[in-house]
Amino acid sequence: MGSVNTAKRVVVKIGSALLVDRDTGALRSDWLHALAQDVAILKSGGADVVLVSSGSIALGRGVLGLPDTDLALEQSQAAAAVGQIRLARAYEEALALHDITTAQVLVTLEDSANRRRYLNSRATLDQLISLGVVPIVNENDTIATDEIRYGDNDRLAAQVAVTVGADQLILLSDVDGFYSANPNQDADAVRYELIKQVTPEIEARAGDAGSGLSKGGMKTKLMAAKTAMAAGCAMAICDGFTDRPLTALINGANATWFAAQDDPQTARKRWIGAMKPKGSITIDAGAAKALRNGKSLLPAGVTSVEGEFGRGDPLTILGPNDAPLGTGLSRYTAEEMINIKGLRSSAIEEILGYKPRSTLIHRDDMVL
């Protein structure tokens, strides 16, 4: 069973119903400030924290006086544009009281489906986290159309957890876990303490219940769980309406935990190893030795490049005798790599015309 106080990197998903009062459309400021205390405690314990937050449309709807019904796409986008700035400011002010810097990161489904955008998102989030920042991630409802939407922040949160290599994902919900039936309708419904695998039987027990401000039900949470678990990330569903919900979870509040199938790094390595390479690179003996010692691959160690590939594509890494050493994700295009192979890092900027990335293939993007 999971425990939030052991997390090294945790993603917390916050739904609209937790942040915005359904009757007034106003921000639930006291709740947000209490959550900020929880985030500060996790940070002080050494955990990295990423928040995936709904609420921009719900906030903007109230400001613009739009009806509390399904909105047209253009109305939703306008409400999001108004609400996003208010939501970001609210998080900034609440977390600044604990000397925590925040950043707003807006994404769409394309940012994870397109490999280059995925790598860009991952690099940005990793850099923010390394600087001690708490990113506030939301779907970019201002520009997203149905074709490029996640559609709910449960699945978005799971994808963010995969992107940043989180070991725990916490879904703050309006229920305290996953039940055998809807507990509001069935007095015999039983809450699951731990789910090790999302089976068809488990999926059959998920309904579509959700609050008036929320688009996600238990089905979307199970989809999120499957994504997270496969990536080595444990997931919890717990009651977000309680005061200090993360502290409550640490202290043993009711929840359903979904067990990770691996640790995040092992899961990522397995995912990379299963990819079909788009090309290959041959490296010299010195570079091969460096890789075996856990180093990243630098341009100076590359002797030849084969294939047509783009940034983020998988490549076979060949040793000096053409024996396969492993697979890795390229940080350069084939054309760029041909131009800079064998060069020292100090000479690359003049060739490419811009400040280069430090490695051709980072050790975290490589499996030997």
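Each residue of the sequence shown is one higher than the last, beginning at 14 in the numbering used here. Note that CB positions come from ideal geometry on N, CA and C, so glycine has one too.
In this structure, residue 32 lies near residue 66, with their beta-carbon atoms less than 8 Å apart. Under the DSSP assignment, residue 342 falls in the beta strand (DSSP E) whose first and last residues are 337-342. Residue 204 places its beta carbon 8 Å or farther from that of residue 255. By the criterion of a C-beta distance shorter than 6 Å, residue 280 is surrounded in its chain by 244 and 245, once the five residues flanking it on both sides are discounted. Using a Cβ distance threshold of 8 Å, residue 95 and residue 115 do not count as a contacting pair. Distance from the CA of residue 359 to the CA of residue 347, rounded to the nearest whole angstrom, comes to 20 Å. In this structure residue 334 is exposed. Its beta-carbon is surrounded by fewer than 16 other beta-carbon atoms within 10 angstroms. For residue 186, the enclosing beta strand (DSSP E) covers residues 181-186. With a contact defined as Cβ atoms closer than 8 Å, residue 61 and residue 21 qualify at about 7 Å.
The three-state reading of DSSP puts residue 60 in coil, since its state is none of H, G, I, E or B. In the DSSP assignment, residue 22 falls outside any alpha helix (DSSP H) and lies within the beta strand (DSSP E) extending over 22-27.
Following the DSSP letters along the chain, one finds residue 252 inside the beta strand (DSSP E) bounded by residues 247-252.
Between the stretch 351-370 and the stretch 297-315, the count of Cβ pairs shorter than 8 Å is three or higher; the stretches touch. By the C-beta criterion, the stretch 47-61 is judged not to be in contact with the stretch 85-102, since fewer than 3 inter-stretch pairs fall below 8 Å. Annotation: residue 40 to residue 252 spans about 19 Å, alpha carbon to alpha carbon. Residue 204 is bridged by DSSP to 192. As the crow flies, the alpha-carbon of residue 288 is around 44 Å from that of residue 46. The beta carbon of residue 194 is closer than 6 Å to those of 202 in its chain, skipping five residues each way along the sequence. Within the same chain, Cβ atoms closer than 8 Å to the Cβ of residue 247 are found at 15, 180, 181, 182, 241, 270, 271, 272 and 273, the five residues on either side in sequence being excluded. By the neighbour-count definition (other C-beta atoms within 10 Å, threshold 16), residue 326 is a buried residue. Residue 117 is bridged by DSSP to 149. A residue is called buried when at least 16 other Cβ atoms come within 10 angstroms of its Cβ; residue 152 meets this threshold and is buried.
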